[in-house]
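Colleague: Numbering-wise, my numbering comes out as the position in the sequence shown, counting from 1, plus 647. Got a structure for you, questions after.
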Amino acid sequence: MTPFLHFDLLVPRRIVFGWGKRTELGRLAASIGRRAFIIDGSRTLRQTVFWTELTDSLADAKVTAEIVATAGHEPTIEDVDEATAIVSRLQPGPGDLVIGIGGGAALDLAKAVAAMATNADGASVREFLEGIGTGRSISVAPLPVLAIPTTAGTGSEATKNAVISCSNPPCKKSLRSERMVPDTVLIDPELTVPVSPQQTAWSGLDTVTQLIESYTSRRSQPATDVMCLFGLDFAISSLRTAYHSPTDREAREKMACAALYSGIALANSGLGMAHGVAAALGSICNVPHGLACAAMLPITLRTNLPVIRGKLDDLQIGSVSALSAANGQDPAEAFIAYIEQLCKELQIPARLRDLGVQREQLSEIAAGSRGNSMSGNPLELTDGELLEILETHW
C-alpha cells in the first residue's frame, strides 16, 4: 500500500534567483524597510565592483545602509553580542532590516543579530543557545532579514538557525527558531565566481552532504526528498566544473540552486552524522566546516549503508549511473564510490589525522558530536560506536 503523503514545509517568504540579480537589492530592501544594518562576510568583497553595485542599488532606492560587522570566521558568542550592541545603539524599530551578505558565517551572524536585536534585552546570546543556554527563546519577531549568499554551500539563506561557536566549553550550538528564516533571499550566482577553488570545493561538498543527509534523515519527508534529488542532480553534474572552471555560468547557477535546496531541506528534515561530527571537529580542532563535512561524508555513507541502501539505490544520477553500469556495482555502492572519488579529486583528506586531528582528541570529538544534527542520523549510534568509527578512520 502506498503511504499517504504529508509534509510540513518552512521556507523564506520570497526568493529571487538569477545571474545579475544583485542589482535588485535596493528594490527588495525598500519593500521591507528604509534602513538596513549590513553584515558582510569579507572585506575583499568591498573592493569589487559587486560591492559598489550592491551599495549603489540601496542608495538609488533611498535605503540607508549602516555597516555593522564583518564575519571573518564562524560567529562566536562574543561576535553576536558585540554586533547586537552596535545595532541596539542605533535604536532599531519599524522600517529597519538586517542584510547579510556572504557565506554561511555572515548569514548566520546576520540572523542571530536580527533575533537578538528584538529579544536580548541586554542578555548574551549564550542564554538562548541550545544545550548550554538558560532556556530563553525567540519570543519576539526578529528584525526582517534579507540574505544574499556569496558561496554555494551552507544554505543558511533558507534555514531557521544560526550556528554559534562557544569557547567554554568548546562547542558549536544553534540559536534556533522558526521566526529566524530570512524574510527575503536574493541569490545571484555571479557573486560566487570570485570564490577560490578550495572554497568552492569545501562549500560545494557541504551542499552535497546536506542534500544526502536530509534525503536519508530519519525526519525526511516527500517535499524535501524531491528538492534533494534535484539538488544532487545539479551538484553532482556541476561541482567539478565550478572547481576547475570558476567562471562557468551554468555550473555556478546549478551549484547556487543546489545550495538553496539543501538549506530548505535541512531546515525541514534535519541532517545526520557527518554534520554532527563536523560541528565537533570545528569547535575542538578548528577544522573549517565545509572541509569537515566533506571529510566525514564518505565515512557517514558507509556507516549508514545498512539502513539507507534503498534510498541510495535511487540516486542514479548521470555519471553515477554510468559508473554503476560500467563496474557492475550495485547502485548504492556505486554512489558511495562516486562520492569517494569526487572527494579525492577535490583534494579532501580521507583520514582524520590529515585534518590535524590528534588521536587523543577522538573521545572528546565523539562526545561533542551529539546534537540536533546527530539526532537525525538514520542509524542509532552510541558514543562508543561512534568513537570506534572515528578511530578506524583516524
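By construction, the Cβ of each residue, glycine as well, lies at the ideal position given by its N, Cα and C atoms. Since the structure is predicted, the reported quantities are computational estimates derived from the model, not experimental observations.
Could you give the DSSP three-state label for Thr839: helix, strand or coil?
Modeller: Note: Thr839 maps to helix in three-state DSSP.
Colleague: Ala762 and Arg783 - do their beta-carbons sit closer together than 8 Å?
Modeller: Result no, Cβ atoms of Arg783 and Ala762 do not sit closer than 8 Å.
Colleague: Where does Ser1016 fall in DSSP's three states?
Modeller: The answer is coil: DSSP assigns Ser1016 none of H, G, I, E or B.
Colleague: Per DSSP, what kind of secondary structure is Val745 in: helix, strand or coil?
Modeller: It is a strand residue.
Colleague: I need the DSSP call for Asp687, collapsed to helix, strand or coil.
Modeller: Three-state result, Asp687: strand.
Colleague: To the nearest angstrom, how far is the alpha carbon of Gln857 from that of Pro935?
Modeller: Straight-line Cα distance between these residues: approximately 16 Å.
Colleague: Report the residue from Ile686, Phe697, Leu701 whose alpha carbon sits nearest the alpha carbon of Thr731.
Modeller: Among Ile686, Phe697, Leu701, the Cα nearest to that of Thr731 is on Ile686.
Colleague: Given that a residue counts as buried once 16 or more other Cβ atoms are within 10 Å of its Cβ, and exposed if not, what is Lys991?
Modeller: Per the 10 Å Cβ criterion, exposed.
Colleague: Which of the three DSSP states is assigned to Met648 in this structure?
Modeller: Because the pLDDT at Met648 is just 45, under 50, the model does not fix this residue reliably, and the point stays unresolved.
Colleague: Note down, in chain order, each residue of its chain lying with its Cβ closer than 7 Å to the Cβ of Met648, except the 5 sequence neighbours on either side.
Modeller: At Met648 the pLDDT is 45, less than 50, meaning the model places this residue with poor confidence and gives no usable figure here.
Colleague: Could you confirm whether any beta carbon from chain D is found closer than 8 Å to the beta carbon of Asp835?
Modeller: Absent here is chain D; the protein component of the structure consists of one chain.
Colleague: At the level of alpha carbons, what is the spacing between Ala882 and Pro841?
Modeller: Near 18 Å, if we compare the C-alpha coordinates of Pro841 and Ala882.
Colleague: Put Thr717 into one of helix, strand or coil per three-state DSSP.
Modeller: Here Thr717 sits in strand by DSSP.
Colleague: Mind checking whether Ile746 and Ala676 have CB atoms under 8 Å apart?
Modeller: Their beta carbons are under 8 Å apart, which means Ile746 touches Ala676 by this criterion.
Colleague: At which residues does the beta strand (DSSP E) containing Lys819 begin and terminate?
Modeller: Counting along the chain, the beta strand (DSSP E) containing Lys819 begins and ends at 817-823.
Colleague: Rounded to whole angstroms, what is the Cα-Cα separation between Glu1011 and Gly667?
Modeller: Distance between the alpha carbons of Glu1011 and Gly667: 45 Å.
Colleague: With burial defined as no fewer than 16 other Cβ atoms inside 10 Å of the residue's Cβ, what is the status of Asn951: buried or exposed?
Modeller: Buried is the call here.
Colleague: By how many angstroms is the C-alpha of Lys758 removed from the C-alpha of Thr1029?
Modeller: Cα-Cα distance, rounded: 33 Å.
Colleague: Roughly how many angstroms lie between the CA atoms of Asp703 and Leu692, to the nearest whole one?
Modeller: Near 14 Å, if we compare the C-alpha coordinates of Leu692 and Asp703.
Colleague: By Cβ distance below 6 Å, which residues in the same chain neighbour Cys904 in space, the five residues on each side in sequence not counted?
Modeller: For Cys904, where only same-chain residues beyond five positions count, the Cβ hits under 6 Å are Phe881.
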